[in-house]
Amino acid sequence: MLKTRVITAVVLLAVLLPVTLFAPVAAFGALIALVLVFGAWEWARLLKLPGLAPVGYAVLAALALAASTRLGIGVRAARPLFEAAAVFWVLTGPFVLVRKPTLAHGAWRLFLLLAGLVVLVACWHALVAARMLGVPFVLSVLLVVWLADIGAYFAGKTFGKHKLAPSISPGKTWEGAIGGWLAVIVVAVAALAAHAFEPTFVSALSQRVGVARTLLMLTLLVAFSIVGDLFESMLKRQAGVKDSSALLPGHGGVLDRIDALLPVLPLAMLVFG
Numbered sequence: 001m002l003k004t005r006v007i008t009a010v011v012l013l014a015v016l017l018p019v020t021l022f023a024p025v026a027a028f029g030a031l032i033a034l035v036l037v038f039g040a041w042e043w044a045r046l047l048k049l050p051g052l053a054p055v056g057y058a059v060l061a062a063l064a065l066a067a068s069t070r071l072g073i074g075v076r077a078a079r080p081l082f083e084a085a086a087v088f089w090v091l092t093g094p095f096v097l098v099r100k101p102t103l104a105h106g107a108w109r110l111f112l113l114l115a116g117l118v119v120l121v122a123c124w125h126a127l128v129a130a131r132m133l134g135v136p137f138v139l140s141v142l143l144v145v146w147l148a149d150i151g152a153y154f155a156g157k158t159f160g161k162h163k164l165a166p167s168i169s170p171g172k173t174w175e176g177a178i179g180g181w182l183a184v185i186v187v188a189v190a191a192l193a194a195h196a197f198e199p200t201f202v203s204a205l206s207q208r209v210g211v212a213r214t215l216l217m218l219t220l221l222v223a224f225s226i227v228g229d230l231f232e233s234m235l236k237r238q239a240g241v242k243d244s245s246a247l248l249p250g251h252g253g254v255l256d257r258i259d260a261l262l263p264v265l266p267l268a269m270l271v272f273g
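FYI, in the working numbering the residues of the sequence shown are 1 to 273.
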């Protein structure tokens with residue numbers, strides 16, 4: 001399993017890193033679109049659509065994404081999409097985690113199918129808009145989620161005692177969540193002090209709203225990275241599966257890799273609209 005996981009990670013990095021670092025924005029956008037179309041297929045499967053319906057949903061997501069580009073690309077053009085996605089995560093995300101509505105309710109499943117299109121398309125626009133602001137900028141946005149995840153893993157393994165959401169994801173702890181938050185805050189403060197790799201998301205945000213509000217915003221983003229992770233965990237639990245798919249050997253599926261990014265990206269880019 002470890003060997004498979006490492007090989008998959010190396011292949012993914014060999015594809016994603018050169019495109020992110022050196023390719024034109026259009027090529028970057030095309031690759032992210034492909035990834036998110038696969039994510040849409042997994043979203044439909046988690047909602048237990050029968051037969052070839054998940055394929056049809058993926059095609060619909062691709063069409064929705066293509067249609068959305070006619071409104072323009074960039075932070076200001078995509079602001080309505082970011083706002084719609086933010087409303088979903090700010091209102092619906094916590095509601096779902098508390099009330100845990102089931103897929104047995106047809107109206108709820110239909111709502112999630114429609115919301116999925118908005119969430120995935122908004123994610124694409126957020127990543128492309130971030131890439132347009134520069135490679136350091138887009139990587140630093142992603143780094144917020146990666147640091148929160150890595151910090152949570154090690155802090156949870158070392159200190160974890162109090163379960164964060166035992167009925168949804170028994171492995172997550174409050175200590176892990178705090179450790180992830182601390183990792184983000186410490187690296188952000190160090191990067192601001194050293195003026196490292198600017199302009200980054202953190203440096204640009206601090207210039208707009210100040211250091212104190214930047215740290216508050218980072219705290220919010222870490223919280224919603226956890227919401228995104230728990231939301232997908234709940235969908236997988238209701239679907240009765242361990243991973244969103246087996247597309248990425250050793251890692252599960254696309255949604256397993258981007259679940260925390262889905263709420264963070266539109267919320268992060270809203271500030272710059």
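For every residue, glycine included, the Cβ atom is placed at its ideal position computed from N, Cα and C. Quick caveat, the model's predicted, so the values are computed rather than measured.
Phe95 counts as exposed, since fewer than 16 other beta carbons sit within 10 angstroms of its beta carbon.
When secondary structure is reduced to three states using DSSP, Ala246 falls in the coil class, being assigned neither helix nor strand. For Thr219, the uninterrupted alpha helix (DSSP H) run begins and ends at 211-239, by DSSP. The alpha-carbon separation between Val144 and Leu218 amounts to approximately 8 Å. Judged by DSSP secondary structure, Pro199 falls outside any beta strand (DSSP E); it is assigned neither H nor E. DSSP, read as helix, strand or coil, puts Ser167 in coil. Note on geometry: alpha-carbon atoms of Ala107 and Arg131 lie some 36 Å from one another.
Between the region 42-50 and the region 244-252, the count of Cβ pairs shorter than 8 Å is three or higher; the stretches touch.
When the alpha-carbon of Ala177 is set against those of Ala193, Ser225, Gly134, Val189, the nearest one is in Ser225. Under the DSSP definition of a beta bridge, Gly252 partners with Leu248. Lys157 carries a helical assignment under DSSP once its states are collapsed to helix, strand and coil. In the three-state scheme derived from DSSP, where H, G and I count as helix and E and B as strand, Thr8 is classed as helix.
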